[in-house]
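There are 2 protein chains.
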Amino acid sequence: MKNTTLCYIEKDGCYLMMHRTKKDRDVNHDKWVGVGGKFEEGETDEDCLLREVREETGLRLTSFKKRGIVTFLSDEWEGEYMHLYTADGFEGEIFSSNDCAEGELCWIPKRDVYRLPVWQGDLLFFKELEENEDFFTMLLRYEGDRLVGYEKNGVALDVKSQLFQTGKQLDI
Amino acid sequence: MKNTTLCYIEKDGCYLMMHRTKKDRDVNHDKWVGVGGKFEEGETDEDCLLREVREETGLRLTSFKKRGIVTFLSDEWEGEYMHLYTADGFEGEIFSSNDCAEGELCWIPKRDVYRLPVWQGDLLFFKELEENEDFFTMLLRYEGDRLVGYEKNGVALDVKSQLFQTGKQLDI
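One line per chain: the protein sequences are R and D, in this order. According to our numbering, the first sequence holds residues 1 to 172 in order. According to our numbering, the second sequence holds residues 1001 to 1172 in order.
See the structure below:
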């Protein structure tokens, strides 16, 4: 199981999101994700967070918080321990992009995040990040693109009804 | 009736979109729109296009095409003749943004544009831009936020069924 970080940088009610055509967990779709990546040799979760944010956005985080650990299991890709952060302070200038072919950065209003193509499980931790300040653990089990198993803080929950709940975030 | 331009800059299957909290036609929602604005005194539609794109994005268009004229009528805001362009060539560096409070630029894959909060009428010309190369005229009549009248090339069409058609763009 590899270790990764994922960070949602927040400002003015938006998250800084990337859409990318290539991503290890993204076999088929051009999904929208936060900023992050794999631990390098000898890195702590915080080392990895700060490096990945700097490499992918050009920003230096000045205020961030570890929000949870998400364990991904899949029938198709390697399992993953994802260390989930939010950040509300940064320095520097975000990379600008003349190109949308590779990963491209964009501030997305939080309510709009739920409309875009994201992993089903991501909807679940978006909701958790918005509604709960406490540190949490999640287990997300995928078959291909489909979320088939969900535990929060060690408790198994029904995937369908939990995903339905996130639909209420949509103002449609 | 004021004259305006609107431009959808295309690259790698994306449109360059802005989401903004303030826009004359946008009384209530944080909608996503293309780049453009009002004619200044003595400007042609092309003058206005090139100036607005430069002012809002930092880019100089090198290849663009006038696609249609959209007439907006509303019970709440001033009527508008919108000169609609697409562009597939540009020079310069797009403004980067550390802020999502005001208008912010973002490459959005075309299929995702239909998911985001846009004016109902915009869905209709997105579809037209994708499916038809010919120059077109459209009349869009709004009551508040709601599209209540639609004509294409002088022919009145049913709003509900035409909007339903655009839903087919969604892969959901």
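Backbone N, C-alpha and C define an ideal beta-carbon position, used for all residues, glycine too.
{"query": "Which whole-angstrom value describes the C-beta separation of residue 1067 of chain D and residue 1135 of chain D, a residue pair presumed to lie in contact below a C-beta threshold of 8 angstroms?", "result": "7 angstroms"}
{"query": "Measuring CB atoms only, is the region 29-36 of chain R touching the region 107-125 of chain R, in the sense that at least three cross pairs come out at less than 8 angstroms?", "result": "yes"}
{"query": "Considering only the alpha carbon of each residue, which of D/1057, D/1167, D/1110 and D/1009 lies closest to residue 1064 of chain D?", "result": "D/1009"}
{"query": "Could you name the residues of chain R that residue 1075 of chain D contacts, counting a contact when the two beta carbons are closer than 7 angstroms?", "result": "Simply none; closest approach about 22 angstroms."}
{"query": "I'd like to know if residue 1069 of chain D contacts chain R, where contact means its C-beta is closer than 8 angstroms to some C-beta of that chain.", "result": "no"}
{"query": "Determine the DSSP secondary structure at residue 1076 of chain D, reduced to helix, strand or coil.", "result": "coil"}
{"query": "Under the rule that 16 or more other beta-carbon atoms within 10 Å means buried, what is residue 1002 of chain D, buried or exposed?", "result": "exposed"}
{"query": "For a minimum of 3 consecutive residues, which ranges assigned as the beta strand (DSSP E) are wholly contained in the region 1061-1120 of chain D?", "result": "1080-1091 and 1104-1109"}
{"query": "Within 10 angstroms of the Cβ of residue 97 of chain R, are there 16 or more other Cβ atoms? Answer buried if so, exposed if not.", "result": "buried"}
{"query": "Do residue 86 of chain R and residue 129 of chain R have their C-beta atoms within less than 8 angstroms of each other?", "result": "yes"}
{"query": "Residue 1011 of chain D versus chain R: which residues are under 7 angstroms apart at the beta carbon?", "result": "99 and 100"}
{"query": "Over the uninterrupted alpha helix (DSSP H) stretch that includes residue 1164 of chain D, give me the two end residues.", "result": "1159-1167"}
{"query": "The alpha helix (DSSP H) that contains residue 1051 of chain D, what's its start and end?", "result": "1045-1057"}
{"query": "Taking Cβ to Cβ, would you say residue 121 of chain R is nearer than 8 angstroms to residue 140 of chain R?", "result": "yes"}
{"query": "With 16 as the cutoff for other CB atoms within 10 Å, does residue 1044 of chain D come out buried or exposed?", "result": "exposed"}
{"query": "Looking at residue 1072 of chain D: is its Cβ nearer than 8 angstroms to the Cβ of residue 1150 of chain D?", "result": "no"}
{"query": "Should residue 1116 of chain D be flagged as near chain R, meaning a C-beta pair shorter than 8 angstroms?", "result": "yes"}
{"query": "Based on Cα-Cα distance, which residue from R/99, R/53 and R/109 lies nearest to residue 92 of chain R?", "result": "R/53"}
{"query": "Between residue 1145 of chain D and the rest of its own chain, which residues show a CB-CB distance below 6 angstroms, the 5 nearest in sequence each way excluded?", "result": "none"}
{"query": "Measure from the C-beta of residue 1107 of chain D to each C-beta in chain R and report whether the shortest distance is under 8 angstroms.", "result": "yes"}
{"query": "With C-beta atoms as the reference, is residue 107 of chain R less than 8 angstroms away from residue 6 of chain R?", "result": "no"}
{"query": "Confirm, please, whether the CB-CB distance from residue 11 of chain R to residue 1100 of chain D is below 8 angstroms.", "result": "yes"}
{"query": "For the beta strand (DSSP E) holding residue 1146 of chain D, just list the boundary residues, first then last.", "result": "1146-1152"}
{"query": "DSSP three-state call for residue 1127 of chain D: helix, strand or coil?", "result": "helix"}
{"query": "Measure the alpha-carbon distance for residue 1035 of chain D versus residue 156 of chain R and round it to whole angstroms.", "result": "47 angstroms"}
{"query": "For the ligand SAM, is there any heavy atom lying closer than 7 angstroms to the beta carbon of residue 1112 of chain D?", "result": "No copy of the ligand SAM occurs in the structure displayed, which carries no ligand at all."}
{"query": "Can you confirm whether residue 130 of chain R, when its beta carbon is compared against all beta carbons of chain D, has any partner nearer than 8 angstroms?", "result": "no"}
{"query": "Would you mind telling me which residues of chain D sit closer than 7 angstroms to residue 145 of chain R, beta carbon to beta carbon, in chain order?", "result": "The premise fails here: residue 145 of chain R is roughly 12 angstroms from chain D at the closest Cβ pair, so nothing lies under 7 angstroms."}
{"query": "Following the continuous beta strand (DSSP E) through residue 1 of chain R, name the residue where it begins and the one where it ends.", "result": "Segment: none, residue 1 of chain R is in no beta strand (DSSP E) and carries neither H nor E."}
{"query": "Relative to the C-alpha of residue 1161 of chain D, which residue among D/1124, D/1133 and D/1137 is closest?", "result": "D/1124"}
{"query": "With a 10 Å radius around its C-beta and 16 neighbouring C-beta atoms as the bar for buried, classify residue 1112 of chain D as buried or exposed.", "result": "buried"}
{"query": "Along chain D, which residues have their Cβ under 7 angstroms away from the Cβ of residue 96 of chain R?", "result": "1093, 1094, 1095 and 1096"}
{"query": "Verify whether the separation of the beta carbon atoms of residue 1062 of chain D and residue 1094 of chain D is less than 8 angstroms.", "result": "no"}
{"query": "Per DSSP, residue 1042 of chain D is paired with what?", "result": "Partner(s): none; residue 1042 of chain D has no beta bridge."}
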